[in-house]
Structures are given as C-alpha cells and as structure tokens.
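Note sheet for the following structure.
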Amino acid sequence: MAKAERFEDLITWQDARELRKEIYAVTKRGEFARDFEMRGQIRSAALSAMSNIAEGFERGTNKEFAYFLNIAKGSSGEVRSILYAALDEGYVTQPEFDSLCSRCLSVSRRSSRLITSLNRATNRPRAT
Numbered sequence: 001m002a003k004a005e006r007f008e009d010l011i012t013w014q015d016a017r018e019l020r021k022e023i024y025a026v027t028k029r030g031e032f033a034r035d036f037e038m039r040g041q042i043r044s045a046a047l048s049a050m051s052n053i054a055e056g057f058e059r060g061t062n063k064e065f066a067y068f069l070n071i072a073k074g075s076s077g078e079v080r081s082i083l084y085a086a087l088d089e090g091y092v093t094q095p096e097f098d099s100l101c102s103r104c105l106s107v108s109r110r111s112s113r114l115i116t117s118l119n120r121a122t123n124r125p126r127a128t
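With this note's numbering, the residue at position 71 of the sequence shown is 71, and numbering never jumps.
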C-alpha cells in the first residue's frame with residue numbers, strides 16, 4: 001500500500017467527502033430543509049466525519065490519527081442513525097436511505113481498517 005502524502009489521498013476521506021456532499025444535497029429539499037434541528041445535526045455529523053479524518057492525518061502520529069478516525073467512525077454512525085429518523089419522517093426515500101447508509105458504512109469500514117493498520121504499525125517492535 002502506498003503511503004498517503006496528504007489527507008486528500010485517503011479513500012476514507014474521499015468517501016466521507018462524498019457522504020457530506022450527498023447529505024447536504026438531500027437536506028436542501030422539502031420538509032428536510034425545514035426541519036432545522038435534524039438538518040443541522042446530520043450536516044454537522046457528516047462534516048465531522050470528513051474533518052476528523054483530515055485533522056487526525058495532520059496530527060502526525062499514528063496514535064492521534066487512530067483517535068480521530070474513531071471520532072470520524074462515530075460521526076458516520078451518527079449520520080446513519082439520523083437517517084433512520086429521516087426515513088421515518090418521510091424526508092428521504094428508501095433508495096436514498098439505502099445509498100446514504102451504504103456510504104456511511106463504507107466510511108466506517110475503511111476507518112476501522114485504517115485504525116487496525118495504524119495500531120499494528122504503532123505496536124510493531126523497532127528493528128535494532
């Protein structure tokens with residue numbers, strides 16, 4: 001695996017960016033746009049997922065990066081949970097819900113794999 005030079009190189013961040021973009025698009029329409037509390041919460045969580053991946057990468061240590069990836073993973077879960085409420089309220093269709101949840105799960109899975117990789121690298125004995 002090639003080493004990422006910038007956070008923009010990370011597929012995890014790219015997925016989170018797309019998730020944020022899709023969430024903002026769906027929350028601009030209809031009743032979702034008028035539900036200020038839910039709209040603000042889901043947008044904040046989507047932005048948090050993307051931003052925490054970037055912040056962790058820029059911190060410069062595997063331990064800190066893993067910490068921020070865990071936060072991003074949690075934010076992705078928060079988006080998913082709010083999507084259930086949005087589906088229940090009729091703000092999103094079932095196909096939209098399925099697509100957005102799939103994107104959330106992708107961010108979570110990729111973050112988990114990256115955390116595992118970072119932890120292995122952190123815990124690996126140094127060559128003497």
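Where is the CB? At the ideal position from N, CA and C, for every residue including glycine.
Asked	Found
Going by beta carbon distance, what residues of the same chain come within less than 8 Å of Asn-119, once the five residues before and after it are set aside?	Asn-62, Ala-66
Distance, Cα to Cα, Phe-68 vs Gly-56?	5 Å
Please name the residue, chosen from Thr-122, Ser-75, Ser-117, that lies closest to Ser-108 on a Cα-to-Cα basis.	Ser-75
So what's Gly-60 in DSSP terms, helix, strand or just coil?	coil
Taking the Cβ atom as the reference point for each residue, do Met-38 and Ala-16 lie within a distance shorter than 8 Å?	no
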